[in-house]
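In our numbering, the protein residues as written are 5 to 449. Using N, Cα and C, we set each Cβ at its ideal position, and we do this for glycine too. Contents: one structure, followed by commentary.
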Ligand code: S3P
């Protein structure tokens, strides 16, 4: 898809947004559901799966390694190989744009005595893979081929018998933590992952649900120690994937910044490792009510009622970054419409996402008349309540879905339309984005 001619898209100042929005399934949970279902013995049944390109790539990779995966009506039914029994894929696994898919799958195959080749699109081929390969090397993995800086295409060969390790994750990354925990599934003995800064905990929760023996202790300094016993029997589960807070972020911010809006967002995941944007918007004065908080399949979910709001600038502390890491582009858009300055700190990980998101956001803001300052790991945005003088620019999306959607949201409240250079990547995480936003009243053409 990334080879096709670019398809620009514009968003223009809209009347109040109204109605109900059911956002697609959580991307992180969807990847893991296909992966763990494909590995476990027996059948896993999944409802609410995100049918975006990224997740479908993980499904294709699991099929190439022996899992059976099919859609039956609203359900995805997965028959796994059994833990320890993956097959060597005959062809390269193509992960397209998907960082989570490729990094978690490297963990999965990293403890298998087989050869696996990984490829991806131009964005994924620029992203660092050393962060997952380094701990896997300690477990016995050989990197047979890689581009400089441990970049794709990469060919891996796992050891005959993987060594369990103790690994302290050097950066706040759920993907790195997860790759080690998943590799540990095929290593004898106890693997321990030490996580100084807590990140999303879906791998831990879901592996425990599939039958792995996993223990999480938090020491006096707040550091998490995750111990997993190798070679567990994993058995198929029934999984209801909740709505993705990182996708909900777009209609949520749109409803906050378009005056007079009143939107209900249904069934959003409320796991505290994912709700940093909600916390920040509430601090900025957004009118958001949590309507029906409930537990479904082990995760907290809720409906949110969101109304057009007058926002004020805030300081967003670095500690909050892991719980809203994918939401900074759209938070920066909200900040454009707030009174005063919003300062976001601790953004170093944004530089290694689908694009260098810090510079992509800053450039997109600047071409649309926003006063902002990009630091090494900070972004300061001075707002313009009412969106006066904002818009009129074309944003380079750099194959990054969240840059594309964030700037379309900006156009809904800016004085002049905002255009993005290419809409193709939106399908990686939120295929129904444009239609859903139009149904709420957004002017996107
Ligand atoms: C994810 C972890 C985060 C996030 C990504 C999904 C996951 O990446 O940005 O979209 O599912 O584990 P990092 O681990 O690189 O922070």
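For residue 289, I'd like the list of residues in its chain whose CB is within less than 7 Å of its CB, leaving aside the five on either flank, ordered along the chain. Locating residue 289 in the chain shown gives position 285, where the first residue counts as 1. So the qualifying residues of the chain are 313, 314, 315, 316.
Using a Cβ distance threshold of 8 Å, determine whether the segment 251-259 contacts the segment 331-347, with at least three qualifying pairs required. yes
For ligand 1, is there any heavy atom lying closer than 7 Å to the beta carbon of residue 209? In the chain shown, residue 209 corresponds to position 205, counting from 1. Flag unset: Cβ of residue 209 not near ligand 1.
Using beta carbons (cut-off 8 Å, strictly below), is residue 329 in contact with chain C? No chain C is part of this structure, which consists of one protein chain only.
Just checking residue 78 against ligand 1 - is the residue's beta carbon closer than 7 Å to any of the ligand's heavy atoms? On the chain shown, position 74 is the one that residue 78 refers to. No - ligand 1 has no heavy atom lying nearer than 7 Å to the Cβ of residue 78.
State the beta-bridge partners of residue 348 as determined by DSSP. Translated into positions along the chain shown, residue 348 becomes position 344. According to DSSP, which records beta bridges pairwise, residue 348 is partnered with 320, 383.
Enumerate in chain order the residues of its own chain whose CB-to-CB distance from residue 73 is below 6 Å, with the five nearest sequence positions on each side excluded. If you number the chain shown from 1, residue 73 lands on position 69. Closer than 6 Å at the Cβ level, and outside the excluded window around residue 73, lie 63, 67, 82.
Is any heavy atom in ligand 1 found nearer than 7 Å to the beta carbon of residue 177? Indexing the chain shown from 1 puts residue 177 at position 173. The answer is yes for residue 177.
If distances are taken between C-alpha atoms only, which option among 384, 344, 346, 343 comes closest to residue 363? Your numbering for residue 363 matches position 359 in the chain shown. Of the listed residues, the one whose Cα sits closest to residue 363 is 384.
Give a single yes or no on whether residue 229 has its beta carbon closer than 7 Å to a heavy atom of ligand 1. Within the chain shown, the letter at position 225 stands for residue 229. Answer for residue 229: no, Cβ out of range of ligand 1.
Using a Cβ-Cβ cut-off of 6 Å (strictly less than) and excluding sequence neighbours within five positions of residue 199, which residues of its own chain qualify? On the chain shown, residue 199 is found 195 positions in, with the first residue counted as 1. Cβ within range, chain order: 173, 181, 228.
Outcome for residue 217 when other beta-carbon atoms lying within 10 angstroms are tallied against a minimum of 16: The count along the chain shown starts at 1 and reaches residue 217 at position 213. Looking at its Cβ environment, which holds fewer than 16 other Cβ atoms inside 10 Å, residue 217 is exposed.
Can you tell which of 32, 387, 324 has the C-alpha that lies nearest to the C-alpha of residue 369? Counting from one through the chain shown, the residue named residue 369 turns up at place 365. Looking at the Cα atoms, 387 is the closest of the given residues.
From 302, 80, 306, residue whose alpha carbon lies closest to that of residue 1: Look at the range of the chain in this structure, 5 to 449, and you will see that residue 1 is not part of it.
Using a threshold of 8 Å, state whether the C-beta atoms of residue 379 and residue 324 are closer than that. The residue given as residue 379 occupies position 375 in the chain shown. The residue given as residue 324 occupies position 320 in the chain shown. No, they are not a contact pair.
Can you find the residues in the same chain that come closer than 8 Å, C-beta to C-beta, to residue 18, ignoring five residues on each side of it along the sequence? As a working mapping, residue 18 is identified with position 14 in the chain shown. Result list for residue 18: 262, 416, 417, 445, 446, 447, in chain order.
Identify the continuous alpha helix (DSSP H) that holds residue 105 and give its terminal residues. For this step, residue 105 is matched to residue 101 along the chain shown. That run of the alpha helix (DSSP H) goes 103-114.
Give me the DSSP bridge partner(s) of residue 377. As a first step, residue 377 is located in the chain shown; it is residue number 373 there, counting from the start. Answer is 384, bridged to residue 377.
Is any non-hydrogen atom of ligand 1 found closer than 7 Å to the C-beta of residue 330, if you look at the structure I gave you? Counting from 1 along the chain shown, the entry for residue 330 is found at position 326. Yes, the Cβ of residue 330 comes within 7 Å of a heavy atom of ligand 1.
Can you list, in chain order, the residues of its chain whose CB lies under 8 Å from that of residue 53, leaving out five sequence neighbours each side? Counted from its first residue, the chain shown places residue 53 at position 49. The answer, listed in chain order, is 29, 34, 37, 38, 59, 80, 245.
With hydrogens ignored, establish whether the beta-carbon of residue 61 is closer than 7 Å to any heavy atom of ligand 1. Numbered from 1 along the chain shown, position 57 holds the residue referred to as residue 61. It does not: the Cβ of residue 61 is nowhere closer than 7 Å to a heavy atom of ligand 1.
Counterpart residues of residue 120 in DSSP-defined beta bridges: Residue numbering aside, residue 120 sits at position 116 when the chain shown is read from its first letter. Bridge partners of residue 120: 160.
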